[in-house]
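Colleague: Structure provided below as structure tokens; questions to follow.
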Amino acid sequence: MSLQHIEQPVILGDGRLGTDILRLARAASVRLLSRYGILIAFLALWQVSSSTGWVNAAVLPPIDTIVAALWKGLTGGTLLGDIAISLQRAGIAFVAAVVVAIPLGLFMGQVRSVETALDPILQVFRQTSALALYPVFILLLGLGEASKVFVIFWATLFPLLLNTISGVKEVDPKLLEMARVYGATRLTVFRRVVLPGAVPSIFVGLRLSATTALLLLIASEMIGANKGIGFQVMNAQYNFQIPLMFAAIVILAGLGLIANQALVSLQRRLCRWSQPVN
Amino acid sequence: MASPSGAEVSIRDLSKSFSLGGRPLQVLRTLNLDIRSGECLVIVGASGSGKTTLLRILAGLEAADSGGVAIDGKPVDGVGAERAVIFQEPRLLPWLTVLGNVAFGLEVRGVPRQQAQERARFYIALVGLAEFGDAWPRQLSGGMAQRVGIARALTVQPEILLLDEPLGALDAMTKIGMQEELARIWSEENVTMVMVTHDLEEAIYLADRVLILPKEKGGAARLIDVDLPRPRDRSETRFVSYRQELLREFGLH
Numbered sequence: 000m001s002l003q004h005i006e007q008p009v010i011l012g013d014g015r016l017g018t019d020i021l022r023l024a025r026a027a028s029v030r031l032l033s034r035y036g037i038l039i040a041f042l043a044l045w046q047v048s049s050s051t052g053w054v055n056a057a058v059l060p061p062i063d064t065i066v067a068a069l070w071k072g073l074t075g076g077t078l079l080g081d082i083a084i085s086l087q088r089a090g091i092a093f094v095a096a097v098v099v100a101i102p103l104g105l106f107m108g109q110v111r112s113v114e115t116a117l118d119p120i121l122q123v124f125r126q127t128s129a130l131a132l133y134p135v136f137i138l139l140l141g142l143g144e145a146s147k148v149f150v151i152f153w154a155t156l157f158p159l160l161l162n163t164i165s166g167v168k169e170v171d172p173k174l175l176e177m178a179r180v181y182g183a184t185r186l187t188v189f190r191r192v193v194l195p196g197a198v199p200s201i202f203v204g205l206r207l208s209a210t211t212a213l214l215l216l217i218a219s220e221m222i223g224a225n226k227g228i229g230f231q232v233m234n235a236q237y238n239f240q241i242p243l244m245f246a247a248i249v250i251l252a253g254l255g256l257i258a259n260q261a262l263v264s265l266q267r268r269l270c271r272w273s274q275p276v277n
Numbered sequence: 000m001a002s003p004s005g006a007e008v009s010i011r012d013l014s015k016s017f018s019l020g021g022r023p024l025q026v027l028r029t030l031n032l033d034i035r036s037g038e039c040l041v042i043v044g045a046s047g048s049g050k051t052t053l054l055r056i057l058a059g060l061e062a063a064d065s066g067g068v069a070i071d072g073k074p075v076d077g078v079g080a081e082r083a084v085i086f087q088e089p090r091l092l093p094w095l096t097v098l099g100n101v102a103f104g105l106e107v108r109g110v111p112r113q114q115a116q117e118r119a120r121f122y123i124a125l126v127g128l129a130e131f132g133d134a135w136p137r138q139l140s141g142g143m144a145q146r147v148g149i150a151r152a153l154t155v156q157p158e159i160l161l162l163d164e165p166l167g168a169l170d171a172m173t174k175i176g177m178q179e180e181l182a183r184i185w186s187e188e189n190v191t192m193v194m195v196t197h198d199l200e201e202a203i204y205l206a207d208r209v210l211i212l213p214k215e216k217g218g219a220a221r222l223i224d225v226d227l228p229r230p231r232d233r234s235e236t237r238f239v240s241y242r243q244e245l246l247r248e249f250g251l252h
């Protein structure tokens, strides 16, 4: 709330109720418009140009047709199965990456010799596109679930690992020295100084990894899958079910937004100390 | 709250040099000094004279090349529970509240959290921050943050308090207030205090004795007794003459 609301309290029930509600509604819509105005305008432009025939409605169907296809896919259940299998693939890979990358990153950030020894091979792996390696993974693991989960895991691992390492390495040495002066053991220094100090950087890695996981999910499902949202995008395009294709794309965007939002709120809870006061 | 009486420190033939661009740079040369139990010794010297190095050796954060330090007769080897250090920066952990930061030193030493926080509250009140126990470090001004750092050091009830230019980063007004605060804390806590500063007025305001470290090769360290009643008055004639005496030591009268 702005300061004005403190200085001039809204007085209800003295005959100005109507004008007060109007004023509040106007303030709310101004806030809404300043944040979502351009998005709304974009969707409106799409809707109008498609339904009036300025653009080819077969390629860019009107928003309401896409929403209808989305609704039908979700309530009819055809898309639900795709969402489930896609979430399973991305979820297993992401969790595996978290389980491997965070402990490994914390260890590598602490022990210089391990980091020095592993850094060159990490840099080579990181710079090798996971998509280019996907055929290799298919040869090794077959065309089933294993290769799909593995390629997502592979691509998700590095942003998280590298951010965890840098989070540990960038902890202020002056704070480490302070803890040492109070007689903290290595373990205590790690638990009470290094780990909390690395959390913000780990979250940067988590958010990058979540985005990467969805990207690789779709790419892997476009090759040799018969289920999943990525498969549905390709399949609907082959069969010229364009509204269904867009419905699948909308679901993808939604998953990305939800994943990011979930991580942001988790970070808010864990890092209350770095948030501005409300 | 009960306080231990300050420990005494003896420094014998202490030498330390650093390698600077491949060349050895001698900063401390066979220094001998006895610091009395409960006294306030302030170390001054031009930059490069080794005053911070001396403090870090006393803290156990650096080792001497030769000679050594003993506290109450026991040789110093590394950090110790009878010493606490206040740095130029507050060095607070941003993810702990004021209370959490002040209790940190005790918790690290294995004191149960509740007990540690109870004692921490006492010292938070002592430095005048009783209202701010739940505040986050980022919400504090520079002076307040430094008070938190001071409270954290006091909470472990050290026998020797080592201060490395603790007020160097504060503005002039805050600084004077904090000097008075330090003088009050020192008299209440009965602790041996060793402080490094480059502020000569601060040195005279706080010190029982001022140690002047030489900058040039072959120079000798000098001790000046500050024989003034406390609380001290900065405008008093004798205070001013001590100041002139120190300025002369630096060739700046």
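Those protein sequence lines, which keep their order, are chains A and B.
Okay, so the first sequence: first residue is 0 according to numbering that gives the first Met the number 0, each after it adds one.
Okay, so the second sequence: first residue is 0 according to numbering that gives the first Met the number 0, each after it adds one.
C-beta atoms are modelled at their ideal positions from N, C-alpha and C, and glycine is treated no differently.
A quick note: this is a predicted structure, and the numbers were derived from the prediction, not measured.
Within 10 Å of its beta-carbon, does D81 of chain A have 16 or more other beta-carbons around it, so buried, or fewer, so exposed?
Modeller: Mapped onto the first sequence, residue 81 of chain A falls at position 82. Per the 10 Å Cβ criterion, buried.
Colleague: Using the Cα positions of L251 of chain B and V167 of chain A, report the straight-line distance between them to the nearest angstrom.
Modeller: Taking the second sequence and counting its residues from 1, the one referred to as residue 251 of chain B is at position 252. Taking the first sequence and counting its residues from 1, the one referred to as residue 167 of chain A is at position 168. C-alpha separation (whole angstroms): 47 Å.
Colleague: Let's test the definition: count the other Cβ atoms within 10 Å of the Cβ of S18 of chain B and tell me whether it reaches 16, buried, or not, exposed.
Modeller: In the second sequence, counting from the first residue as 1, residue 18 of chain B sits at position 19. With fewer than 16 Cβ atoms within 10 Å of its Cβ, S18 of chain B is classed as exposed.
Colleague: Going by beta carbon distance, what residues of the same chain come within less than 8 Å of R55 of chain B, once the five residues before and after it are set aside?
Modeller: As a position in the second sequence, residue 55 of chain B is number 56, starting the count at 1. Within the same chain, R55 of chain B has close Cβ partners E61, D163.
Colleague: Quick check on N225 of chain A: does DSSP put it in helix, strand or coil?
Modeller: As a first step, residue 225 of chain A is located in the first sequence; it is residue number 226 there, counting from the start. If DSSP states are grouped into helix, strand and coil, N225 of chain A belongs with coil.
Colleague: Within a Cβ cutoff of 6 Å, which residues of the same chain sit near V75 of chain B, ignoring the five residues on either side of it in sequence?
Modeller: As a working mapping, residue 75 of chain B is identified with position 76 in the second sequence. Cβ neighbours of V75 of chain B beyond the five flanking positions: G59, V68.
Colleague: Rounded to whole angstroms, what is the Cα-Cα separation between P165 of chain B and T196 of chain B?
Modeller: Numbered from its first residue, the second sequence carries residue 165 of chain B at position 166. Numbered from its first residue, the second sequence carries residue 196 of chain B at position 197. Taking the straight line from one Cα to the other gives about 8 Å.
Colleague: Counting Cβ pairs, one atom from each stretch, are 3 or more of them under 8 Å apart for the region 171 to 179 of chain B and the region 13 to 33 of chain B?
Modeller: Contact between the region 171 to 179 of chain B and the region 13 to 33 of chain B is absent, because fewer than three Cβ pairs lie under 8 Å.
Colleague: Check V9 of chain A in the structure and name its three-state DSSP category.
Modeller: The count along the first sequence starts at 1 and reaches residue 9 of chain A at position 10. Bear in mind that the predicted position of V9 of chain A carries a pLDDT of just 49, short of 50, making it unreliable; the figure below should be weighed with that in mind. DSSP places V9 of chain A in coil when its eight states are reduced to three.
Colleague: How many Å lie between S49 of chain A and I101 of chain A at the Cα?
Modeller: Indexing the first sequence from 1 puts residue 49 of chain A at position 50. Indexing the first sequence from 1 puts residue 101 of chain A at position 102. Between S49 of chain A and I101 of chain A, the C-alpha separation is close to 47 Å.
Colleague: Just checking, does the region 185 to 195 of chain B make contact with the region 216 to 224 of chain A on the three C-beta pairs under 8 Å criterion?
Modeller: At 8 Å Cβ cutoff, the stretches do not touch.
Colleague: Any C-beta of chain A sitting closer than 9 Å to the C-beta of R82 of chain B?
Modeller: For this step, residue 82 of chain B is matched to residue 83 along the second sequence. Output row for R82 of chain B: interface = yes.
Colleague: Going straight from the alpha carbon of A89 of chain A to that of A212 of chain A, what length do you get?
Modeller: Position 90 of the first sequence, counted from the first residue, corresponds to residue 89 of chain A. Position 213 of the first sequence, counted from the first residue, corresponds to residue 212 of chain A. Cα to Cα, A89 of chain A sits roughly 6 Å from A212 of chain A.
Colleague: Nearest chain B C-beta to T51 of chain A closer than 9 Å, yes or no?
Modeller: Here residue 51 of chain A refers to the residue found at position 52 when the first sequence is read from its first residue. Chain B, which has no Cβ nearer than 9 Å to the Cβ of T51 of chain A, makes this no.
Colleague: Can you say whether T163 of chain A is buried or exposed, counting buried as having 16 or more other CB atoms within 10 angstroms of its CB?
Modeller: Here residue 163 of chain A is taken as the residue at index 164 of the first sequence, counted from 1. T163 of chain A should be labelled buried.
Colleague: Determine, for L54 of chain B, whether the minimum Cβ-Cβ distance to residues of chain A falls below 9 Å.
Modeller: Here residue 54 of chain B refers to the residue found at position 55 of the second sequence. Closer than 9 Å: no.
Colleague: Taking the alpha-carbon positions, what's the R120 of chain B to G132 of chain B distance?
Modeller: Mapped onto the second sequence, residue 120 of chain B falls at position 121. Mapped onto the second sequence, residue 132 of chain B falls at position 133. Going from the Cα of R120 of chain B to the Cα of G132 of chain B covers about 8 Å.
Colleague: Quick one: Cα of D33 of chain B to Cα of V209 of chain B, how far?
Modeller: Within the second sequence, numbered from 1, the residue matching residue 33 of chain B stands at position 34. Within the second sequence, numbered from 1, the residue matching residue 209 of chain B stands at position 210. Distance between the alpha carbons of D33 of chain B and V209 of chain B is about 13 Å.
Colleague: By Cβ distance, which residues of its chain are closer than 8 Å to R231 of chain B, with the 5 residues on each side in sequence left out?
Modeller: The residue you call residue 231 of chain B lines up with position 232 of the second sequence. These residues qualify, in order along the chain: A182, I203, Y204, F238.
Colleague: Who are the neighbours of L174 of chain A on chain B, taking C-beta pairs under 8 Å?
Modeller: Numbered from 1 along the first sequence, position 175 holds the residue referred to as residue 174 of chain A. Within chain B, the residues near L174 of chain A are R90, L92.
Colleague: Using a beta-carbon distance below 9 Å, is S299 of chain A in contact with chain B?
Modeller: In this structure chain A extends from 0 to 277, so residue 299 of chain A is not present and cannot be described.
Colleague: Name the DSSP beta bridge partners of M192 of chain B, please?
Modeller: Indexing the second sequence from 1 puts residue 192 of chain B at position 193. Note: M192 of chain B sits in a beta bridge opposite B:C39, B:L160.
Colleague: Which partner residues of G44 of chain B appear in the DSSP bridge assignment?
Modeller: As a first step, residue 44 of chain B must be located in the second sequence, where it is residue number 45. B:L212, per the DSSP bridge assignment.
Colleague: Would you mind telling me which residues of chain A sit closer than 8 Å to R108 of chain B, beta carbon to beta carbon, in chain order?
Modeller: The sequence position of residue 108 of chain B within the second sequence is 109, counting from 1. Those within 8 Å of R108 of chain B in chain A are Y181, G182.
Colleague: Any beta-carbon of chain B closer than 9 Å to the one on G196 of chain A?
Modeller: Along the first sequence, read from residue 1 onward, the residue named residue 196 of chain A stands at position 197. Chain B, which has a Cβ nearer than 9 Å to the Cβ of G196 of chain A, makes this yes.
Colleague: Taking Cβ to Cβ, would you say I250 of chain A is nearer than 9 Å to L69 of chain A?
Modeller: Taking the first residue of the first sequence as 1, we reach residue 250 of chain A at position 251. Taking the first residue of the first sequence as 1, we reach residue 69 of chain A at position 70. A contact, by the Cβ cut-off of 9 Å.
Colleague: Please tell me whether S273 of chain A has its Cβ less than 9 Å away from any Cβ of chain B.
Modeller: As a first step, residue 273 of chain A must be located in the first sequence, where it is residue number 274. It does: the Cβ of S273 of chain A has a partner Cβ on chain B nearer than 9 Å.
Colleague: Using three-state DSSP, classify V239 of chain B as helix, strand or coil.
Modeller: Residue mapping note: residue 239 of chain B aligns to position 240 of the second sequence, counting from 1. Note: V239 of chain B maps to helix in three-state DSSP.
Colleague: Compute the beta-carbon to beta-carbon distance between P127 of chain B and R112 of chain B, rounded to the nearest angstrom, for a pair I have assumed lies under 8 Å.
Modeller: In the second sequence, residue 127 of chain B corresponds to position 128, counting from 1. In the second sequence, residue 112 of chain B corresponds to position 113, counting from 1. Per the sequence shown, the amino acid found at residue 127 of chain B is Gly instead of Pro. About 24 Å; that fails the 8 Å criterion.
Colleague: Spell out whether any CB of chain B is found under 9 Å from the CB atom of V203 of chain A.
Modeller: Taking the first residue of the first sequence as 1, we reach residue 203 of chain A at position 204. No, because no Cβ of chain B sits closer than 9 Å to the Cβ of V203 of chain A.
Colleague: Give a yes or no on contact between the region 136 to 146 of chain B and the region 83 to 93 of chain B, applying the rule of three or more CB pairs nearer than 8 Å.
Modeller: As far as the Cβ criterion goes, the region 136 to 146 of chain B touches the region 83 to 93 of chain B, which means the pair count is three or higher.
Colleague: Quick one: using the 10 Å Cβ neighbour count with 16 as the cut-off for buried, is V232 of chain A buried or exposed?
Modeller: On the first sequence, residue 232 of chain A is found 233 positions in, with the first residue counted as 1. The residue is buried, with at least 16 neighbouring Cβ atoms inside 10 Å.
Colleague: Can you grab the Cα-Cα spacing for the pair V255 of chain B / S264 of chain A, in whole Å?
Modeller: With chain B running from 0 to 252 in the structure shown, residue 255 of chain B is simply not present.
Colleague: Helix, strand or coil: how does DSSP classify S4 of chain B here?
Modeller: Translated into the one-based positions of the second sequence, residue 4 of chain B becomes position 5. The answer is coil: DSSP assigns S4 of chain B none of H, G, I, E or B.
Colleague: Pick helix, strand or coil for P136 of chain B, following the three-state DSSP scheme.
Modeller: Stepping through the second sequence from its first residue, residue 136 of chain B is reached at position 137. Of the three classes helix, strand and coil, the one that applies to P136 of chain B here is helix, per DSSP.
Colleague: Identify every run of the alpha helix (DSSP H) within the region 146 to 212 of chain A, keeping only runs that are complete inside it and at least 4 residues long; order them along the chain.
Modeller: 172 to 180, 185 to 188, all fully within the region 146 to 212 of chain A.
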